[in-house]
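Report on the following structure.
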C-alpha cells in the first residue's frame, strides 16, 4: 500500500490479474461470506424459535377447540320443573333429575358395564345451568323429550385427547378407573362423542369447576371495546400532538422538555399506568370498576407516547420539498400540513398506531389494578354502550386467569385463548396493511 | 376527519352515560387468589340460580383486597373482600378511618396445605415439621449448636427420607399461605428440633428467636419462593424430580395424576382429616361484607347467604367437591349472615 503510493517507480509493480484473486481480496470476500452466514444464521435462529413457538402454541391449544359431548334425550315434567324451581340450589336439582333420567335411559339400553349415578355424575360436566336456562326460556317443551348436547367432565375430555390415560389415572372423586369402561361403552354406543367446541369461541368465563362451559367470546368483546376506546382517543390526540410539535411548535427549552418527557413516558412500566388509572378514573372520576372504558383509557395513556413518537418520525420523513412547494404556491402552513404532509405520512402513522394497539392488546398488568382480572368476563354486555361500562375482562387477562387454575383443562383453554388472541392481532395487522396500501404514495 | 369527530363525540356520550349509569347492579368482590376459585364457583351458581346478575370476582391477593375494601363506602368501592387469613387490627383501623365501620366476617371453610412431589420422584411420603425446618431453615441445630444450615440432602438429617437434593418450592411472602406455612410448619419444626430453645439460651430475645426460626436459607436454590400461582409450583416440580412443593389441597386433588402427597406428622391430608383438625397444616378462609352496602347493592346479602348455604358450602356441595373443607360450624355462620352481625 505504502509502496504503491510513493510514485510507482520505486518497486516493480506486482504482476496480477483480475482473474486471479490476491490474498487481500480473498480475505475481504471471506469476511463478506462470513457476515452473510452470520446474518443467515440469525434469521434461521429467529425462524427456529418462531416455528417452535407456533408449533407449541398450536399443539397445546388445539384441544381447547374440541369438546367431548354427551348426546341424550331428556324429558322434564311440569311437576319436576316446579320442584326444582322451589329449591335454593336449582341447578343442582336439575342436574340430579338429569342424572337419574340418564341412568334409566342407559339401563333400558342395556349397557354391558356396571355403573351407578355417582359414575354418571363424574362423567358429566356441569349441566344444571344449561338445563335451567333452556326450560325457563322454553316452558312449552316441558313434558316432551328434548335432545340435549351437554359437555362431559374435563377428565373425560382429557381421556379423549390423551391428557388422561388409564396408566396414570388414580381413583379420585373426580374420576375412577372403572368409569373409563363406561366411557368406552358410551362412546361405542354413540352417546359420547367429540365435537367442535363452539362454546369456547362464543361463551363467557365459567367457575373453576366448569371448564366445559368456559369460553373466550366475552373477553374478545371486552378487548374489542378497549381497542375502540384506545383508537378513538389515542389516534387523534397523538396525531394532533405530533403535528403541533413537529410543524408548529417554537424551538425552545419548553418544547425540548415536552419531547424528552414523551420519550421517557414510552419507557414507563405499564403497571404504573394501572395505578394512575385506579387513582384518577375510578377513585377520583368515579367511573365504574372493571369496565372496558376505564381499561381503554388506561391503555390510551400507555399507547400515546408510542403513537406520538412514530407519527413524528413519519412527519419528519416527508421530504421538505413537498412542504416548500405547497408554501411556494401560496398554501397556508395548515393547508400545507393537512393537504400534503399528513397524507404522505399516513402509512407511517398507521404503522405506529397498529404497533401501539398491538402492545395495548396484549397488556395485562394495568388491568389487574382496575379490576379486570379474575372471574369478570361472565357474560356479554347489553347493547353498544353497555360494552364500555359493564364489567368485562380482556383476552390476555382471561388467558392469565385460566393458566392459574387447577384443572388441567383450563390450561389447554389458556393456550387456545392465545391462538384466538393471535388471530385477533393478525386481523388488526391485515386491516392496517390494507389501509397502508390505500394511502401509500411514492415520490 | 369527519368520522373521527363523530367517533370522539360518541365516546364522549358514552363516558357521560357511564358516569350516569354508575349505579352498580352487580356485587363486586376482590381479594385472595386462594378464595377466588370458590368464589367463582359460587358467583357462577348465584347468577344461574337467582335473578341477580353474576357477581364480579377479582383476584389480587388478600392484602390488596382488604385494602380496597377499606377505601370507603360507596358504589365505586368493592362490597366483599375475600381473604385467606383473618382481617388484621391494622386493617380494621384503616377501614374505620375511611368510614367502613360495620364489617361482617364470614368464615366459609378450611383449606389444607399439603406437601407434594413428582409422582415418579424420590419417595417423599412422610414429613415431620422438623424435616421441613431442617431442610430449609436458615440456621439449624447441629450437635447442640445453632449453625448455618449445612444440609444438602434430606437423608443427612433423617435417614428415613430419600437421599435426594433438597429443593423446596414454597409460597412467596406476598401469599397468605406463607403465613400458615411459617406458623404451623417452620416454627413448630424449629421448636421441636430444639433450635428455638438453643437460640433463646444463646442470648436472643424470644421475638428475635422466632424471627430467626422463620428465616429461610438462601443458598443454592434449596428453597425457592414462588410468587406466582400453584401452577408455577407445579411447573417447577415437573422440571425437577427432587422438588417438593407446597400446594393447596384442592390444587393437589385436581392434579393427583402428576403429584404424590406426603403425610405430615403421620397424617395424610384429606377433607376428613382437615375437618377433624388431625392434619396440622390448615387455615380458615373468609370473606368480609360491607354492611353499609347491604340494601344498596342489589343481591349482596343474598350472595353472602347463598355462599354459606348448606347446599353450597356444606360437605356435599360444589365447594367441598372442589376441595374446600366444609366448616363444621356452618350453621352459626349462616345465622350470623342472616342477622347481619358485624365484627366487634
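Residue numbers (our numbering), protein chains in the order written: chain A, 21 to 463; chain B, 1225 to 1568.
The C-beta atom is built at its ideal place from N, Cα and C for all residues, glycine as well.
Only a predicted model underlies this, so the values are computations on that prediction, with no experimental measurement involved.
Own chain residues within Cβ distance below 7 Å of residue 1488 of chain B, not counting five before or after: Counting from 1 along the second chain, the entry for residue 1488 of chain B is found at position 264. Cβ within range, chain order: 1339, 1351, 1503, 1504 and 1505.
Contact with chain A by residue 1350 of chain B, beta-carbon distance below 7 Å: Along the second chain, read from residue 1 onward, the residue named residue 1350 of chain B stands at position 126. No, residue 1350 of chain B does not count as interfacial toward chain A.
Minimum Cβ-Cβ distance from residue 102 of chain A to chain B less than 7 Å: As a working note, residue 102 of chain A is residue 82 in the first chain. Not one chain B Cβ lies under 7 Å of residue 102 of chain A.
Proximal residues of chain B, C-beta to C-beta of residue 425 of chain A below 8 Å: Here the question's residue 425 of chain A lines up with position 405 in the first chain. Correct list: 1261 and 1455.
Proximal residues to residue 1370 of chain B (C-beta, below 7 Å), its chain only, five neighbours per side dropped: Position 146 of the second chain, counted from the start, is the residue given in the question as residue 1370 of chain B. Cβ neighbours of residue 1370 of chain B beyond the five flanking positions: 1363, 1419, 1422, 1423 and 1426.
Residues that residue 1509 of chain B bridges to, as DSSP identifies them: Taking the second chain and counting its residues from 1, one reaches residue 1509 of chain B at position 285. Answer by DSSP bridge pairing, in chain order: B/1333.
Residue from A/181, A/399, A/381 and A/237 whose Cα sits closest to the Cα of residue 411 of chain A: Position 391 of the first chain, counted from the start, is the residue given in the question as residue 411 of chain A. In terms of Cα proximity to residue 411 of chain A, the closest of A/181, A/399, A/381 and A/237 is A/399.
Check whether residue 409 of chain A and residue 311 of chain A have beta carbons under 7 Å apart: The count along the first chain starts at 1 and reaches residue 409 of chain A at position 389. The count along the first chain starts at 1 and reaches residue 311 of chain A at position 291. Taking 7 Å as the cut-off, the Cβ atoms of residue 409 of chain A and residue 311 of chain A count as close.
Sheet register partners of residue 1521 of chain B (DSSP bridge): Residue 1521 of chain B sits at position 297 when you count from the first residue of the second chain. Residue 1521 of chain B pairs with B/1518.
Contact the stretch 386 to 404 of chain A vs the stretch 355 to 364 of chain A: 3+ CB pairs below 8 Å: No, the stretch 386 to 404 of chain A does not touch the stretch 355 to 364 of chain A.
Terminal residues of the beta strand (DSSP E) in which residue 1587 of chain B lies: Nothing about residue 1587 of chain B can be reported from this structure: the residues present for chain B run from 1225 to 1568 only.
Three-state class that DSSP yields for residue 1571 of chain B in the structure shown: The question about residue 1571 of chain B has no answer, for chain B in this structure spans 1225 to 1568.
Beta carbon of residue 1473 of chain B nearer than 7 Å to that of residue 1336 of chain B: Within the second chain, numbered from 1, the residue matching residue 1473 of chain B stands at position 249. Within the second chain, numbered from 1, the residue matching residue 1336 of chain B stands at position 112. Here residue 1473 of chain B is near residue 1336 of chain B, since their CB atoms are less than 7 Å apart.
Cα-Cα separation, residue 364 of chain A to residue 371 of chain A: As a first step, residue 364 of chain A must be located in the first chain, where it is residue number 344. As a first step, residue 371 of chain A must be located in the first chain, where it is residue number 351. Cα to Cα, the separation comes out at about 13 Å.
Contact between the stretch 331 to 339 of chain A and the stretch 293 to 313 of chain A (3+ Cβ pairs under 8 Å): Short answer: they don't touch.
Residue interval of the alpha helix (DSSP H) (run including residue 1264 of chain B): Locating residue 1264 of chain B in the second chain gives position 40, where the first residue counts as 1. Here the alpha helix (DSSP H) through residue 1264 of chain B covers 1260 to 1273.
Stretch pair the stretch 173 to 192 of chain A + the stretch 112 to 129 of chain A: three plus CB contacts closer than 8 Å: With fewer than three CB-CB distances shorter than 8 Å, the stretch 173 to 192 of chain A does not count as touching the stretch 112 to 129 of chain A.
Same chain only: Cβ atoms within 7 Å of residue 1381 of chain B, ignoring 5 sequence neighbours per side: Reading the second chain from its first residue, position 157 is the one you call residue 1381 of chain B. Excluding positions up to five away in sequence, the list reads 1358 and 1375.
Cross-chain neighbours of residue 388 of chain A in chain B, by beta carbon under 7 Å: Walking along the first chain from the start, residue 388 of chain A turns up at place 368. Within chain B, the residues 1284 have their CB atoms less than 7 Å from the CB of residue 388 of chain A, given in chain order.
Cutoff 7 Å: residue 1546 of chain B Cβ touching any chain A Cβ: Walking along the second chain from the start, residue 1546 of chain B turns up at place 322. It does: the Cβ of residue 1546 of chain B has a partner Cβ on chain A nearer than 7 Å.
Meets three-Cβ-pair contact criterion under 8 Å: the stretch 1531 to 1547 of chain B and the stretch 1258 to 1268 of chain B: Counting Cβ pairs under 8 Å, three or more are found: they touch.
Within chain A, partners of residue 1562 of chain B - CB distance below 8 Å: Indexing the second chain from 1 puts residue 1562 of chain B at position 338. Contact of residue 1562 of chain B with chain A by beta-carbon distance below 8 Å is absent, the smallest such distance being about 13 Å.
Secondary structure of residue 1404 of chain B, DSSP reduced to three states: Counting from one through the second chain, the residue named residue 1404 of chain B turns up at place 180. Here residue 1404 of chain B sits in helix by DSSP.
Chain B contact residues for residue 136 of chain A, given Cβ-Cβ distances below 7 Å: Within the first chain, the letter at position 116 stands for residue 136 of chain A. Correct list: empty, because the minimum Cβ distance to chain B is about 16 Å.
Whole-angstrom C-beta distance between residue 1276 of chain B and residue 1512 of chain B, which should lie under 8 Å: Position 288 of the second chain holds residue 1512 of chain B. Position 52 of the second chain holds residue 1276 of chain B. The Cβ separation is near 20 Å, so there is no contact.
Inter-residue spacing [alpha-carbon to alpha-carbon] between residue 46 of chain A and residue 67 of chain A: If you number the first chain from 1, residue 46 of chain A lands on position 26. If you number the first chain from 1, residue 67 of chain A lands on position 47. Computed Cα separation, rounded: 31 Å.
Proximal residues to residue 1318 of chain B (C-beta, below 7 Å), its chain only, five neighbours per side dropped: The residue you call residue 1318 of chain B lines up with position 94 of the second chain. 1294.
Selection of the stretch 141 to 155 of chain A by Cβ proximity to chain B, strictly under 8 Å: Those would be 148, 149, 152 and 153, in chain order.
Rounded separation between residue 225 of chain A and residue 147 of chain A - CA only: For the purposes of this step, residue 225 of chain A is identified with residue 205 of the first chain, where counting begins at 1. For the purposes of this step, residue 147 of chain A is identified with residue 127 of the first chain, where counting begins at 1. If you take the alpha carbons of residue 225 of chain A and residue 147 of chain A, they lie about 15 Å apart.
7 Å Cβ cutoff, residue 1267 of chain B in contact with chain A: Start at 1 with the first residue of the second chain, and residue 1267 of chain B comes out as number 43. Residue 1267 of chain B counts as touching chain A.
Interface partners of residue 230 of chain A on chain C, CB under 7 Å: No chain C appears in this structure, whose protein chains are A and B.
Neighbour flag for residue 1535 of chain B against chain A, beta carbons, 7 Å: Counting from 1 along the second chain, the entry for residue 1535 of chain B is found at position 311. Residue 1535 of chain B counts as touching chain A.
For residue 257 of chain A, the first and last residue of its enclosing alpha helix (DSSP H): Here residue 257 of chain A refers to the residue found at position 237 when the first chain is read from its first residue. Element bounds for residue 257 of chain A: 237 to 263.
With 16 other Cβ atoms within 10 Å as the buried cut-off, status of residue 1478 of chain B: On the second chain, residue 1478 of chain B is found 254 positions in, with the first residue counted as 1. Residue environment analysis places residue 1478 of chain B among the buried positions, since at least 16 neighbouring C-beta atoms fall within 10 angstroms of its C-beta.
Within chain B, partners of residue 396 of chain A - CB distance below 7 Å: Along the first chain, one-based indexing puts residue 396 of chain A at 376. Neighbours of residue 396 of chain A across chain B, judged by C-beta separation under 7 Å: 1280 and 1282.
Residue 171 of chain A vs residue 93 of chain A beta-carbon contact at 7 Å: Counting from one through the first chain, the residue named residue 171 of chain A turns up at place 151. Counting from one through the first chain, the residue named residue 93 of chain A turns up at place 73. No. Outside cutoff.
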